[in-house]
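S.K.:
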Amino acid sequence: MERRSIVKKMLASIAGISVLGFAKASPIQTADEKEVNNVTEYEDVPLFSGSTRLGNMIFVAGKGAHVEPFEIKAHTEIVLKELETELKKAGSSMEKVLKVNVYLNDIADYQGMNEVYKGRFGKKPPVRTTVAVAKGGVPGNSLVEMDCIAYV
Amino acid sequence: MERRSIVKKMLASIAGISVLGFAKASPIQTADEKEVNNVTEYEDVPLFSGSTRLGNMIFVAGKGAHVEPFEIKAHTEIVLKELETELKKAGSSMEKVLKVNVYLNDIADYQGMNEVYKGRFGKKPPVRTTVAVAKGGVPGNSLVEMDCIAYV
Amino acid sequence: MERRSIVKKMLASIAGISVLGFAKASPIQTADEKEVNNVTEYEDVPLFSGSTRLGNMIFVAGKGAHVEPFEIKAHTEIVLKELETELKKAGSSMEKVLKVNVYLNDIADYQGMNEVYKGRFGKKPPVRTTVAVAKGGVPGNSLVEMDCIAYV
């Protein structure tokens with residue numbers, strides 16, 4: 001009897017774990033909730049977060065550079081540091097980035113951006129999509145904006 | 153014998169659940185298929201969906217506003233409502249959005265867009281990336297286009 | 305005794321599977337690592353990957369067309385083929401794409417792009433976001449750039 005009871009408890013316990021695993025696979029039953037970091041407000045109302053997380057996926061907000069010198073290498077350096085700061089805050093890292101979007105103010109800055117960008121995400125770099133938007137099209141006159149998707 | 157048989161059945165049943173959970177963790181074995189909503193056709197051929205879903209992740213198509221008045225607050229309102237409609241159709245909500253991309257027709261509309269955008273995604277807002285593309289660069293002359301990634 | 309031992313082993317084995325499933329649901333414990341394909345280097349340093357994978361999610365880099373003729377239908381065809389090549393290399397397919405981003409050099413190419421794009425992702429197409437960036441804003445003078453998120 002005691003053994004049966006122990007087995008039952010073990011089964012119940014395993015079932016509990018299994019059901020959690022299953023809940024993940026079957027999203028309608030999931031209890032997963034997103035977490036957010038570093039909320040920016042506008043007129044005292046939440047506008048956007050610096051990062052959001054669901055499960056092991058991390059989404060980082062578009063980051064720009066808004067200070068002198070207005071030069072592509074300096075701005076790329078600032079933006080990469082901002083991404084890294086958000087990633088670390090979320091428990092991730094540059095090496096765990098899956099996808100980066102790069103928005104340049106001017107396509108002429110493509111090579112300069114690459115000079116600073118190369119190697120910054122480790123030996124297994126994320127995919128990347130780069131385009132130049134309208135002149136002045138990055139908010140705050142940044143020469144470059146980047147966002148990313150990563151994991152923990 | 154009977155007890156052994158019951159234990160075996162329970163084990164088999166638990167194993168079944170576990171294997172599903174494991175299949176999710178080990179994607180090569182996964183039976184997950186995407187679901188789509190609201191397919192737009194072009195010349196009677198599927199062009200794009202309004203939303204796609206894989207597991208608990210939801211992807212919503214870029215939404216624009218194509219009606220009078222061609223004014224940023226009005227267009228932002230329309231676009232946010234379109235996102236919300238797609239999210240609800242997919243079983244999600246504004247509060248469950250993880251990432252938004254905002255494409256403006258004109259960077260001068262940044263503040264006007266923010267006025268309408270703020271607070272619309274709840275107290276834990278998604279990350280956001282905003283850029284202004286080419287003048288007239290949003291299809292259908294919309295002043296703003298937004299897409300998002302969410303969950304259920 | 306033997307039976308007890310077998311039951312214990314079975315329980316341990318199932319627990320092992322369950323814990324993996326649970327590890328997936330509880331990302332801090334996950335052992336998941338990204339995989340990458342087709343790394344492009346810049347000055348002998350990794351710059352970006354052609355695709356990255358985490359679990360069953362696949363991210364494909366922005367693809368452009370850099371050859372004659374500089375005509376939207378030809379370039380769209382090249383870009384779609386490049387996406388397909390990366391998807392297959394990653395074990396995925398056009399039918400398993402969840403989200404596409406299309407960056408045009410000129411909004412006037414919207415219809416021409418659609419002519420080639422329609423039907424290419426099967427009957428359950430991905431969501432899509434299309435914008436025209438700056439003239440010349442797609443690297444390498446491509447008339448169109450596309451990236452995607454897919455699954456395996």
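Chains A, B and C, in that order, are what the protein sequence lines are.
All letters in the first sequence, in the order written, are residues 1 to 152 by my numbering.
All letters in the second sequence, in the order written, are residues 153 to 304 by my numbering.
All letters in the third sequence, in the order written, are residues 305 to 456 by my numbering.
All C-beta atoms in this analysis are idealised placements derived from N, C-alpha and C, irrespective of residue type, glycine included.
What you are looking at is a predicted structure, and each value in this text was computed from that prediction instead of being measured.
Just how far apart, CA to CA, sit residue 247 of chain B and residue 274 of chain B?
M.R.: Indexing the second sequence from 1 puts residue 247 of chain B at position 95. Indexing the second sequence from 1 puts residue 274 of chain B at position 122. One C-alpha to the other measures close to 5 Å.
S.K.: Mind checking if residue 199 of chain B is an interface residue toward chain C, Cβ cutoff 8 Å exclusive?
M.R.: Numbered from its first residue, the second sequence carries residue 199 of chain B at position 47. Residue 199 of chain B counts as touching chain C.
S.K.: Over the uninterrupted alpha helix (DSSP H) stretch that includes residue 264 of chain B, give me the two end residues.
M.R.: By one-based count along the second sequence, residue 264 of chain B stands at place 112. Run containing residue 264 of chain B: 262-269, per the alpha helix (DSSP H) assignment.
S.K.: Among A:73, A:32 and A:70, which has the Cα closest to the Cα of residue 55 of chain A?
M.R.: As a first step, residue 55 of chain A must be located in the first sequence, where it is residue number 55. Ranking the options by Cα distance to residue 55 of chain A, first place goes to A:32.
S.K.: Answer with yes or no whether the minimum CB distance from residue 27 of chain A to chain B is below 8 Å.
M.R.: In the first sequence, residue 27 of chain A corresponds to position 27, counting from 1. With a pLDDT of 40 at residue 27 of chain A, under the threshold of 50, the modelled position of this residue cannot be trusted, and the question is left open.
S.K.: Shortest alpha-carbon distance to residue 375 of chain C belongs to which of C:436, C:451, C:424 and C:410?
M.R.: Residue numbering aside, residue 375 of chain C sits at position 71 when the third sequence is read from its first letter. Answer by Cα proximity: C:410.
S.K.: Express the C-alpha separation of residue 361 of chain C and residue 214 of chain B in angstroms, rounding to a whole number.
M.R.: Within the second sequence, the letter at position 62 stands for residue 214 of chain B. Within the third sequence, the letter at position 57 stands for residue 361 of chain C. Roughly 21 Å between the two C-alpha positions.
S.K.: Kindly indicate if chain B contains any beta-carbon less than 8 Å away from that of residue 70 of chain A.
M.R.: Position 70 of the first sequence, counting from 1, holds the residue named residue 70 of chain A. No, its Cβ sits nowhere closer than 8 Å to a Cβ of chain B.
S.K.: Hey, could you find the ends of the beta strand (DSSP E) residue 453 of chain C is sitting in?
M.R.: As a working note, residue 453 of chain C is residue 149 in the third sequence. From DSSP, the beta strand (DSSP E) with residue 453 of chain C extends over 448-455.
S.K.: What three-state label does DSSP hand residue 140 of chain A in the structure shown?
M.R.: Working through the first sequence from its first residue, we reach residue 140 of chain A at position 140. In the structure shown, residue 140 of chain A sits in a helix (DSSP, three-state: H, G or I).
S.K.: Pull up the distance between the alpha-carbon of residue 87 of chain A and that of residue 195 of chain B, whole angstroms please.
M.R.: On the first sequence, position 87 is the one that residue 87 of chain A refers to. On the second sequence, position 43 is the one that residue 195 of chain B refers to. Their backbone Cα atoms lie some 44 Å apart in a straight line.
S.K.: Would you identify the three-state DSSP class for residue 375 of chain C, choosing helix, strand or coil?
M.R.: Position 71 of the third sequence, counted from the start, is the residue given in the question as residue 375 of chain C. In this structure, residue 375 of chain C counts as coil in the three-state DSSP scheme.
S.K.: Please go through the same chain and pick out, in chain order, the residues whose beta-carbon is closer than 6 Å to the beta-carbon of residue 230 of chain B, but skip the five residues on each side of it.
M.R.: The residue given as residue 230 of chain B occupies position 78 in the second sequence. Cβ within range, chain order: 217.
S.K.: Compare the C-alpha of residue 232 of chain B against each of B:268, B:202, B:281 and B:193 and name the closest.
M.R.: Sequence index remark: in the second sequence, residue 232 of chain B carries index 80 (1-based). It is B:268.
S.K.: Look at the alpha carbon of residue 37 of chain A and the alpha carbon of residue 272 of chain B, and state the distance between them as a whole number of angstroms.
M.R.: Numbered from its first residue, the first sequence carries residue 37 of chain A at position 37. Numbered from its first residue, the second sequence carries residue 272 of chain B at position 120. Between residue 37 of chain A and residue 272 of chain B, the C-alpha separation is close to 17 Å.
S.K.: From this set, A:126, A:134 and A:83, which residue's C-alpha is nearest residue 260 of chain B's C-alpha?
M.R.: Against the second sequence, residue 260 of chain B aligns to sequence position 108. When each option's Cα is compared against that of residue 260 of chain B, the closest is A:134.
S.K.: For the region 422-436 of chain C, which residues have a CB atom closer than 9 Å to at least one CB atom of chain A, in sequence order?
M.R.: Within the region 422-436 of chain C, the residues whose Cβ lies closer than 9 Å to some Cβ of chain A are 435, listed in chain order.
S.K.: For residue 432 of chain C, which beta-bridge partners are listed by DSSP?
M.R.: Counting from 1 along the third sequence, the entry for residue 432 of chain C is found at position 128. Bridge partners of residue 432 of chain C: C:404.
S.K.: Considering only DSSP beta bridges, list what residue 367 of chain C is partnered with.
M.R.: Position 63 of the third sequence holds residue 367 of chain C. Per DSSP, C:450.
S.K.: Using DSSP with H/G/I as helix, E/B as strand and the rest coil, what is residue 285 of chain B?
M.R.: Walking along the second sequence from the start, residue 285 of chain B turns up at place 133. In this structure, residue 285 of chain B counts as coil in the three-state DSSP scheme.
S.K.: Which residues in the same chain have their Cβ closer than 8 Å to the Cβ of residue 111 of chain A, if we skip the five residues on either side of it in sequence?
M.R.: Within the first sequence, residue 111 of chain A is the residue found at index 111, counting from 1. Here the set comprises nothing.
S.K.: How is residue 79 of chain A classed by DSSP in three states: helix, strand or coil?
M.R.: One-based indexing of the first sequence puts residue 79 of chain A at position 79. If DSSP states are grouped into helix, strand and coil, residue 79 of chain A belongs with the helices.
S.K.: Could you check what DSSP says for residue 390 of chain C in three-state terms: helix, strand or coil?
M.R.: Along the third sequence, read from residue 1 onward, the residue named residue 390 of chain C stands at position 86. DSSP places residue 390 of chain C in helix when its eight states are reduced to three.
S.K.: Look up residue 337 of chain C in the DSSP assignment and say whether it is helix, strand or coil.
M.R.: Locating residue 337 of chain C in the third sequence gives position 33, where the first residue counts as 1. Three-state DSSP puts residue 337 of chain C in coil, outside helix and strand.
S.K.: May I have the straight-line CA-CA distance separating residue 234 of chain B from residue 294 of chain B, to the nearest angstrom?
M.R.: Position 82 of the second sequence, counted from the start, is the residue given in the question as residue 234 of chain B. Position 142 of the second sequence, counted from the start, is the residue given in the question as residue 294 of chain B. Near 13 Å, if we compare the C-alpha coordinates of residue 294 of chain B and residue 234 of chain B.
S.K.: Let me confirm a value: residue 137 of chain A is counted as buried when at least 16 other C-beta atoms fall within 10 Å, else exposed. Which label applies?
M.R.: Counting from one through the first sequence, the residue named residue 137 of chain A turns up at place 137. With 16 or more Cβ atoms within 10 Å of its Cβ, residue 137 of chain A is classed as buried.
S.K.: Could you list which residues in chain A have their beta carbon closer than 9 Å to that of residue 405 of chain C, in chain order?
M.R.: For the purposes of this step, residue 405 of chain C is taken as residue 101 along the third sequence, with counting starting at 1. Here the neighbours are 101 and 129.
S.K.: For residue 251 of chain B, which residues from the same chain have a beta carbon less than 6 Å from its beta carbon, with the 5 sequence-adjacent residues on both sides left out?
M.R.: For the purposes of this step, residue 251 of chain B is identified with residue 99 of the second sequence, where counting begins at 1. Within the same chain, residue 251 of chain B has close Cβ partners 278, 279 and 301.
S.K.: Would you tell me roughly how many angstroms separate the C-alpha atoms of residue 92 of chain A and residue 101 of chain A, rounded to the nearest one?
M.R.: In the first sequence, residue 92 of chain A corresponds to position 92, counting from 1. In the first sequence, residue 101 of chain A corresponds to position 101, counting from 1. Cα-Cα distance, rounded: 18 Å.
S.K.: Using three-state DSSP, classify residue 399 of chain C as helix, strand or coil.
M.R.: Stepping through the third sequence from its first residue, residue 399 of chain C is reached at position 95. Correct three-state label for residue 399 of chain C: helix.
S.K.: Looking at residue 186 of chain B and residue 428 of chain C, is the spacing between their C-beta atoms short of 8 Å?
M.R.: On the third sequence, residue 428 of chain C is found 124 positions in, with the first residue counted as 1. On the second sequence, residue 186 of chain B is found 34 positions in, with the first residue counted as 1. Yes, the pair counts as a contact, with Cβ atoms nearer than the cut-off.
S.K.: Under a Cβ-count criterion, where at least 16 other Cβ atoms within 10 Å of its own Cβ denotes burial, should residue 41 of chain A be classed as buried or exposed?
M.R.: Locating residue 41 of chain A in the first sequence gives position 41, where the first residue counts as 1. That one is exposed.
S.K.: Check the DSSP bridge columns for residue 107 of chain A and list the partner residues they point to.
M.R.: Here residue 107 of chain A refers to the residue found at position 107 of the first sequence. None; residue 107 of chain A has no bridge partner.
S.K.: May I ask you to report which of helix, strand or coil DSSP gives residue 43 of chain A?
M.R.: The residue labelled residue 43 of chain A in the question sits at position 43 within the first sequence. It is coil, neither helix nor strand.
S.K.: Kindly say whether residue 358 of chain C, judged by its beta-carbon, lies nearer than 8 Å to any beta-carbon of chain A.
M.R.: As a position in the third sequence, residue 358 of chain C is number 54, starting the count at 1. Closer than 8 Å to some Cβ of chain A, the Cβ of residue 358 of chain C qualifies, so yes.
S.K.: Out of curiosity, what's the CA-to-CA distance linking residue 139 of chain A and residue 147 of chain A?
M.R.: As a working note, residue 139 of chain A is residue 139 in the first sequence. As a working note, residue 147 of chain A is residue 147 in the first sequence. C-alpha separation (whole angstroms): 13 Å.
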